[in-house]
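Here our numbering is used: the first residue of the sequence shown is 9, the next is one more, and so on.
This report refers to the structure that appears directly beneath it.
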Amino acid sequence: MAERGKQTVRDLRRGSRSTLLQRLYFEGPLSRQELGQVSGLSAGSVSNVVGELLADGLVEECGSVESDGGRPRILLQVPPGRAHLVGVDVGETQVRVALFDLGLTELAASDHPLSDCGHDSDHVVELILTGLAEVLESTGTDPATVLGVGVGVPGIVEQGDPGTDGAGIVVHSQTVDWDAVPIGRMLRAGTDLPLYVDNGAKTLGQAEMWFGAGRGARHAVVALFGSGVGACVIAEGARFRGATSSAGEWGHTKVHVGGRLCRCGSRGCLEAYVGAEALVERWGRAPAGSSEKAGLAALLAAAEAGEADAVELLAEAAEYFGAAIADLINLFNPERIVIGGWAGLMLGPRLLPAIRDAATAYALRFPRAQTSIDLGRLGPDAVTVGAATLPLWHFLQSGGELPARLAAAAAG
Ligand SMILES: [Zn+2]
Numbered sequence: 009m010a011e012r013g014k015q016t017v018r019d020l021r022r023g024s025r026s027t028l029l030q031r032l033y034f035e036g037p038l039s040r041q042e043l044g045q046v047s048g049l050s051a052g053s054v055s056n057v058v059g060e061l062l063a064d065g066l067v068e069e070c071g072s073v074e075s076d077g078g079r080p081r082i083l084l085q086v087p088p089g090r091a092h093l094v095g096v097d098v099g100e101t102q103v104r105v106a107l108f109d110l111g112l113t114e115l116a117a118s119d120h121p122l123s124d125c126g127h128d129s130d131h132v133v134e135l136i137l138t139g140l141a142e143v144l145e146s147t148g149t150d151p152a153t154v155l156g157v158g159v160g161v162p163g164i165v166e167q168g169d170p171g172t173d174g175a176g177i178v179v180h181s182q183t184v185d186w187d188a189v190p191i192g193r194m195l196r197a198g199t200d201l202p203l204y205v206d207n208g209a210k211t212l213g214q215a216e217m218w219f220g221a222g223r224g225a226r227h228a229v230v231a232l233f234g235s236g237v238g239a240c241v242i243a244e245g246a247r248f249r250g251a252t253s254s255a256g257e258w259g260h261t262k263v264h265v266g267g268r269l270c271r272c273g274s275r276g277c278l279e280a281y282v283g284a285e286a287l288v289e290r291w292g293r294a295p296a297g298s299s300e301k302a303g304l305a306a307l308l309a310a311a312e313a314g315e316a317d318a319v320e321l322l323a324e325a326a327e328y329f330g331a332a333i334a335d336l337i338n339l340f341n342p343e344r345i346v347i348g349g350w351a352g353l354m355l356g357p358r359l360l361p362a363i364r365d366a367a368t369a370y371a372l373r374f375p376r377a378q379t380s381i382d383l384g385r386l387g388p389d390a391v392t393v394g395a396a397t398l399p400l401w402h403f404l405q406s407g408g409e410l411p412a413r414l415a416a417a418a419a420g
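As structure tokens, this is what we get:
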């Protein structure tokens, strides 16, 4: 019983630290008084917890503002240079590793195209570890200052036993032929840094919800439109995961029973009609040997030039995409739908009006009227930013837990 009591006090303290850190991170700089107002904590609690966070170096003073008649109020913020984060995007055509400061400003990035080995898992892990070493070395960053490595992958992620420190993470992906790939254990063999892995569409969703077009929404869907198609469903402000975290495999919902063969092995999936890979293949006129991005850009240019087959193909893609968005609207009643991913951002300016019209034509009127449909704001590299939010979220939720060496350096 005493043990339980002790645990509760510790939990409360951690909860207060987490609340104040999150407020300062997302809304700072703030004064102690403003922190009290937005967090609901008493002035005494704010003062104590801020004192602790200052001592740990997790919060710093950054100027002051005049208050009405009283003494100027000191402003507080989370120091961006206090620690680092790594975000990795295992994309469809390349592996991108980026180093960020705590404020998510990108300090360095390393891009490695996936060669002929494709998504061979040993090869992908090797590229991640190479990229990690490169961004740390090029910036002279001490690995001890890195809070963790977040990895966005094109597949379903099983988190495994949390006690294994990421080593139990397993990925299943039919589209890149990963059958229970133990990516946690494979990465752990090459780095001691804390590991976090999630589906790329979900990391993109987290980034757009925190910093981009989803900010402020409680019910939203962030759609990833790249080579393939995925989605991150946000319900009541939290990601909807399902029983084993595979919820949101929207690209494999059926738009045509018995239709085109999909990379997942099934037929008639949305991805088989509107994914960039499918569009370039269906158009069939991209210059030989061009990359998928170059192929899609050529398709777009042909449509802009008025070539009938390109115009028709993109119009049909917009209709499929809009109809599939109507399904999201009917199923989840979101207030906002955000379209991100490199292909979505490339085609979006041309296709968005037609996508909105198709969504209106296919969705139930009442929920459609409550839903806005917009493009993502974080650019094509949002998956990397989103991946870096995985260790960041752990840091904020834990009330500022630091890796042992970094904590020791602060204490000393
Ligand atoms: Zn499929």
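Ideal Cβ placement from N, Cα and C applies to all residues, glycine included.
No experiment lies behind these values; they were computed from the predicted model shown.
Original post:
Taking buried to mean at least 16 other C-beta atoms within 10 Å of its own C-beta, is Ser-298 buried or exposed?
Top reply: exposed
Subject >> Separation of Val-58 from His-127, as counted between CA atoms >> reply: 46 Å
Original post:
Less than 7 Å separating the beta-carbons of Leu-195 and Thr-147?
Top reply: No; because the gap between Cβ atoms is not below 7 Å, this pair is not in contact.
**OP:** Return yes when at least one heavy atom of ligand 1 lies under 6 Å from the C-beta of Cys-270, else no.
**Re:** yes
**OP:** Please report how far the alpha carbon of Arg-226 lies from the alpha carbon of Pro-375, in whole angstroms.
**Re:** 15 Å
Subject >> Three-state secondary structure (DSSP) of Gly-238 >> reply: strand
Subject >> Proximity to Ser-24 [Cα-Cα], best of Arg-413, Ser-406, Leu-414 and Asp-200 >> reply: The option with the nearest alpha carbon to Ser-24 is Ser-406.
**OP:** Have a look at Val-159, Gly-176 and Phe-340 and flag the residue whose alpha-carbon is nearest the alpha-carbon of Gln-167.
**Re:** With distances taken between CA atoms, Gln-167 lies nearest to Gly-176 out of Val-159, Gly-176 and Phe-340.
Original post:
Span of the beta strand (DSSP E) holding His-462?
Top reply: The question about residue 462 has no answer here: the residues shown for the chain are numbered 9 through 420.
Original post:
What's the C-alpha gap between Asp-187 and Gly-163?
Top reply: 10 Å
Original post:
Since Val-161 and Val-205 are thought to touch, with beta carbons under 8 Å apart, how far apart are those beta carbons, to the nearest angstrom?
Top reply: 6 Å
Original post:
If you draw a straight line from the C-alpha of Pro-202 to the C-alpha of Leu-400, how long is it?
Top reply: 11 Å
Original post:
If we cut at 7 Å on Cβ distances, does Trp-291 have a partner in chain D?
Top reply: Looking for chain D here will not work: only one protein chain is present.
Original post:
Nearest CA to the CA of Pro-121: which residue from Ala-318, Val-393 and Glu-100?
Top reply: Glu-100
Original post:
Considering only the beta carbon of each residue, do His-264 and Gly-276 sit closer than 7 Å?
Top reply: yes
Original post:
Any chance the CB of Ser-235 is under 6 Å from a heavy atom of ligand 1?
Top reply: no
Original post:
What three-state label does DSSP hand Val-98 in the structure shown?
Top reply: strand
Original post:
Using DSSP with H/G/I as helix, E/B as strand and the rest coil, what is Ala-56?
Top reply: Sequence inspection shows Asn at residue 56; the Ala mentioned does not correspond to that position. Looking at Asn-56 - three-state DSSP - the assignment turns out to be helix.
Original post:
Going by the CB atoms, is the gap between Val-230 and Gly-213 shorter than 7 Å?
Top reply: Yes, the Cβ-Cβ distance between Gly-213 and Val-230 is below 7 Å.
Original post:
I think Ala-284 touches Ser-235, with their Cβ atoms under 8 Å apart; what is that distance to the nearest whole Å?
Top reply: The pair is a contact, with the Cβ atoms about 5 Å apart (cut-off 8 Å).
Original post:
Using CA coordinates, which residue listed in Ala-280, Arg-385 and Gln-85 is at the minimum distance from Leu-62?
Top reply: Gln-85
**OP:** Round the Cβ separation of Leu-144 and Leu-107 to the nearest angstrom and send it over; I've been treating them as touching at under 8 Å.
**Re:** Sure, about 7 Å apart at Cβ, within 8 Å.
Subject >> Secondary structure, alpha helix (DSSP H): runs of 4+ residues fully inside the region 308–394 >> reply: Taking only runs of at least 4 residues, the alpha helix (DSSP H) segments lying wholly in the region 308–394 are 316–340, 350–370 and 373–377.
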